[in-house]
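Mature numbering (1 follows the signal peptide of the UniProt record, and there is no 0) puts the sequence shown at residues -22 to -1, 1 to 302.
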Amino acid sequence: MKRKILSMLLVTAILASVTGCGEQKTVSKPTATENTSSGDITVGVILKTLSSEYWGYVAAGVQAASKDLGVKVDLQGPASETAYDEQNNMIETMLSGGVDAFVIAPLQSDSVASVIGDVKIPVITVDTDAQIPGKVSFVGTGNDNAAYLGGTFAAKKAGKGAKAAIIGGVEGNATSDARQAGYTKALEENGVEVVSVQYAQSNPDTAANVMENIITAQNGDIQIVCCHNDDTAAGASNAVKQLGLKDVIIVGFDGNQSGVQNIIDGNITATCAQAAYTMGYQAVETALKAIKGETVETFVDTGCEVITADNAEEYLNTLKGYLK
């Protein structure tokens, strides 16, 4: 699943900046003995939902790891990403039933941590981190580094002296803050002025209104728009078209099929694609290592790939293959 990111030098620089930053942790009291085979191990996995494209990729990675590593996996997820009580009930039931390690993508970090409590098995958070007593590792995207890649792509494409806007998700959210920081750093380092930072609650219609207001306030002098997800980027694109602006570079985040299709259709320029499938796979892999008492990274950065018109078709086919 290796593809070329637009600039190999850029990737090298980013990797160099994060190499060696992750701490390691050894689980000193594994729940499985050294003589226990992987087939006798069960990893419990509860995602935010199983009813969306993105979480379908994570689930596919979980299932692939189960097959490749010979580990039993109990994979569950609530009906939606707002079914907080349902996820908490799932956690209680799964932990009381007995699993050797637990992988969780928390909907509400504080309440999930309270429900899990002080368990005696390794806990791995995936996609979204949380402070949980038994947690040994977080497997997910380094959001600041991923946004830095997307921001650098946009800045180099637009050139020094360009003006940029950033449209975020929810103000004060840790993920939004990290993506904003990564975008801002990349843009400013490459001579681009960030003239506006607004929030659209991850809603495309709200994003369209926000984009329209930004364009009006800046008298149309905007060359780059960096967004915190692909839906926001789609909304921003609609506003740019309606107001007749040309050659505005619009960058999304996530890399879902709809976002990649928008690149192919010429609606947005690029997206920072999270490795959702890899997250699921490496979460199970990390859980197995922890069960066996092996050393694990406290943060497993699953990386990001900048998807553009050059690689969108190939990436879209890859995404479709995950969900077959």
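C-beta: ideal position from N, C-alpha, C; glycine also.
Same chain, Cβ closer than 6 Å to residue i, neighbours up to 5 away in sequence not counted
i: residue 255; result: 35, 38, 39, 300
i: residue 175; result: 144
i: residue 216; result: 186
i: residue 259; result: 39, 42, 43
i: residue 111; result: 96
i: residue 262; result: 21, 40, 43
Helix, strand or coil at residue i [DSSP, three-state]
i: residue 20; result: strand
i: residue -12; result: Any answer about residue -12 is weak, because its pLDDT of 39 lies below 50 and its placement is not dependable; what the coordinates show is given next. Of the three classes helix, strand and coil, the one that applies to residue -12 here is helix, per DSSP.
i: residue 301; result: coil
i: residue 294; result: helix
i: residue 102; result: strand
i: residue 26; result: coil
i: residue 31; result: helix
i: residue 311; result: Since the displayed the chain opens at -22 and closes at 302, residue 311 lies outside it and no answer follows.
i: residue 109; result: coil
i: residue 243; result: coil
i: residue 83; result: coil
i: residue 279; result: strand
i: residue 36; result: helix
Residue range of the unbroken alpha helix (DSSP H) whose run includes residue i
i: residue 256; result: 254 to 269
i: residue 71; result: 62 to 75
i: residue 90; result: 87 to 94
Cβ-based neighbour list, residue i, same chain, cut-off 7 Å, excluding 5 preceding and 5 following
i: residue 32; result: 232, 234, 254
i: residue 57; result: 27, 29, 64
i: residue 264; result: 102, 115, 117, 274, 278
i: residue 304; result: Because residue 304 is not part of the residues shown, which for the chain are -22 to 302, the question remains open.
Span of the beta strand (DSSP E) around residue i
i: residue 78; result: Unbroken run through residue 78: none, as it is neither H nor E.
i: residue 97; result: Element bounds for residue 97: n/a, residue is neither H nor E.
i: residue 51; result: 50 to 54
Contact set for residue i: own chain, Cβ-Cβ below 8 Å, skip 5 residues either direction
i: residue 242; result: 287, 290, 291, 294
* To do: Would you mind listing the alpha helix (DSSP H) stretches within the segment 162 to 241 that are 4+ residues and don't spill past its ends, in chain order?
  => 182 to 195, 208 to 220
* **3-residue-minimum beta strand (DSSP E) runs that sit fully inside the segment 111 to 160, ordered along the chain** => 113 to 118, 141 to 146
* Asked: Should the segment 283 to 297 be regarded as contacting the segment 58 to 72, the criterion being three or more beta carbon pairs within less than 8 Å?
  -> no
* **Three CB pairs or more closer than 8 Å across the segment 76 to 95 and the segment 119 to 132** => no
* **Three or more C-beta pairs below 8 Å linking the segment 108 to 117 and the segment 267 to 277** => yes
* **Meets three-Cβ-pair contact criterion under 8 Å: the segment 196 to 216 and the segment 166 to 181** => yes
* Between the segment 154 to 171 and the segment 188 to 196, are three or more C-beta pairs nearer than 8 Å? -> no
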